[in-house]
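Enquirer:
Residue numbers (this note's numbering), protein chains in the order written: chain A, 79 to 250; chain B, 2 to 135.
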């Protein structure tokens with residue numbers, strides 16, 4: 079797997095910090111690619127706004143990353159044996175919400191966002207976004223390994239990642 | 002910090018979208034919380050509501066829009082309020098040639114003591130068995 083940066087995406091909320099991943103060779107994070115793509119598609123203008131508000135206001139600043147907001151797909155192959163952390167899909171729980179955004183929920187206070195796509199199949203592993211789902215699992219696996227091997231750690235306030243040299247710049 | 006792309010989307014999001022997401026998320030959280038508290042599974046709730054488990058799954062996992070009817074059914078079955086509409090005091094509309102004025106009245110009670118009739122002490126002329134009681 080190529081090197082990627084683990085960097086903050088939104089830390090303005092009082093309840094939860096969002097991180098994202100960015101391939102070292104690009105300027106765009108995976109989550110920015112997702113939001114930008116669907117923001118520029120008029121068919122998805124409202125859903126992408128709902129998702130943005132859901133992330134920043136409801137999860138970020140109001141309730142935190144509660145499990146009820148996530149739908150966990152089967153990702154056993156990408157997980158450590160404990161199964162404590164799973165790659166989930168941030169769920170907007172209503173009427174055929176057409177988008178999926180994959181993420182790694184570390185706790186109520188810390189979530190790593192990946193890329194996502196349209197729901198074209200009931201099963202996340204099927205349909206157009208299977209590649210994105212596979213990639214999300216690879217990112218998640220690497221992040222969890224880095225935590226296990228103490229290449230990175232979570233700060234005492236449970237809201238940030240740090241490299242083992244205490245740097246905020248993290249490349250994995 | 003916040004991603005510029007994310008901020009750009011937030012900045013152009015209408016207020017009604019924000020309110021809708023907020024209310025819907027609260028509703029889903031409340032339903033899930035009550036189900037857990039009362040020990041319901043989606044299957045047992047479906048049986049109670051005489052609905053197919055798949056329909057309940059749709060309600061709770063995102064493939065179905067709630068309606069007031071479905072919310073009322075859930076409220077009845079769960080015995081809990083899910084949505085509350087804030088009550089307001091009724092407002093009286095006045096015709097244009099009337100105006101509303103508020104007066105305050107203070108009502109005093111008559112505090113002058115009434116003269117009570119005082120009986121002079123008299124010896125009892127008759128004695129009954131109860132006369133000594135007390």
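No residue lacks a Cβ here, since even glycine has one placed at the ideal position from N, Cα and C. All figures in this text were calculated on a predicted structure; none of them were measured in a lab.
Taking buried to mean at least 16 other C-beta atoms within 10 Å of its own C-beta, is residue 228 of chain A buried or exposed?
Expert: In the first chain, residue 228 of chain A corresponds to position 150, counting from 1. So residue 228 of chain A ends up on the exposed side.
Enquirer: When Cβ atoms are compared, which residues of the stretch 28–55 of chain B fall closer than 7 Å to chain A?
Expert: Per Cβ criterion, the list reads 29, 30 and 33.
Enquirer: Report the option in A:244, A:237, A:243 and A:247 whose CA atom is closest to the CA atom of residue 94 of chain A.
Expert: As a working note, residue 94 of chain A is residue 16 in the first chain. The residue with the shortest Cα to Cα distance from residue 94 of chain A is A:237.
Enquirer: Residue 87 of chain A versus chain C: which residues are under 9 Å apart at the beta carbon?
Expert: The question asks about chain C, but that chain is absent: this structure's protein chains are A and B.
Enquirer: Can you find a CB in chain B that lies within less than 8 Å of the CB of residue 221 of chain A?
Expert: Position 143 of the first chain, counted from the start, is the residue given in the question as residue 221 of chain A. Judged by the 8 Å Cβ criterion, residue 221 of chain A is not in contact with chain B.
Enquirer: According to a CB-to-CB cut-off of less than 8 Å, which residues of the stretch 124–156 of chain A neighbour chain B?
Expert: Against chain B - using a Cβ distance shorter than 8 Å - the residues of the stretch 124–156 of chain A are 124, 126, 127, 128, 130, 131, 132, 133, 134, 135, 136, 140, 141, 144, 146, 147 and 149.
Enquirer: Which chain A residues sit within Cβ distance under 8 Å of residue 19 of chain B?
Expert: Locating residue 19 of chain B in the second chain gives position 18, where the first residue counts as 1. Those are 131 and 135, listed as they occur along chain A.
Enquirer: Verify the CB distance criterion: does residue 226 of chain A have a CB-CB separation below 8 Å to chain B?
Expert: As a working mapping, residue 226 of chain A is identified with position 148 in the first chain. For residue 226 of chain A, the answer is no, since every Cβ of chain B falls outside 8 Å of its Cβ.
Enquirer: Rounded C-beta distance between residue 248 of chain A and residue 230 of chain A? I'm assuming under 8 Å.
Expert: Within the first chain, residue 248 of chain A is the residue found at index 170, counting from 1. Within the first chain, residue 230 of chain A is the residue found at index 152, counting from 1. That belief holds up - the Cβ atoms of residue 248 of chain A and residue 230 of chain A are roughly 6 Å apart, short of 8 Å.
Enquirer: In its own chain, which residues sit with a C-beta less than 6 Å from the C-beta of residue 183 of chain A, not counting the 5 before and 5 after it?
Expert: For the purposes of this step, residue 183 of chain A is taken as the residue at position 105 of the first chain. So the qualifying residues of the chain are 143, 148, 166 and 189.
Enquirer: Could you say which of A:216, A:244 and A:243 lies nearest to residue 99 of chain A if we only look at CA atoms?
Expert: By 1-based counting over the first chain, the position of residue 99 of chain A is 21. Minimum Cα distance to residue 99 of chain A is reached at A:216.
Enquirer: Would you call the stretch 99–111 of chain B in contact with the stretch 66–75 of chain B, where contact means no fewer than 3 C-beta pairs closer than 8 Å?
Expert: Because the criterion of three Cβ pairs below 8 Å is not met, the stretch 99–111 of chain B and the stretch 66–75 of chain B do not touch.
Enquirer: Whose C-alpha, out of A:146, A:121 and A:112, is nearest the C-alpha of residue 130 of chain A?
Expert: On the first chain, residue 130 of chain A is found 52 positions in, with the first residue counted as 1. Checking every option, the nearest Cα to that of residue 130 of chain A belongs to A:112.
Enquirer: Can you tell me which of A:250, A:187, A:124 and A:243 puts its alpha carbon nearest to the alpha carbon of residue 16 of chain B?
Expert: The residue you call residue 16 of chain B lines up with position 15 of the second chain. For the residues A:250, A:187, A:124 and A:243, the minimum Cα distance to residue 16 of chain B belongs to A:124.
Enquirer: My guess is that residue 78 of chain B and residue 46 of chain B are in contact by the Cβ rule of under 8 Å, so how many angstroms apart are they, rounded?
Expert: Taking the second chain and counting its residues from 1, one reaches residue 78 of chain B at position 77. Taking the second chain and counting its residues from 1, one reaches residue 46 of chain B at position 45. With a Cβ gap of about 7 Å, residue 78 of chain B and residue 46 of chain B count as contacting.
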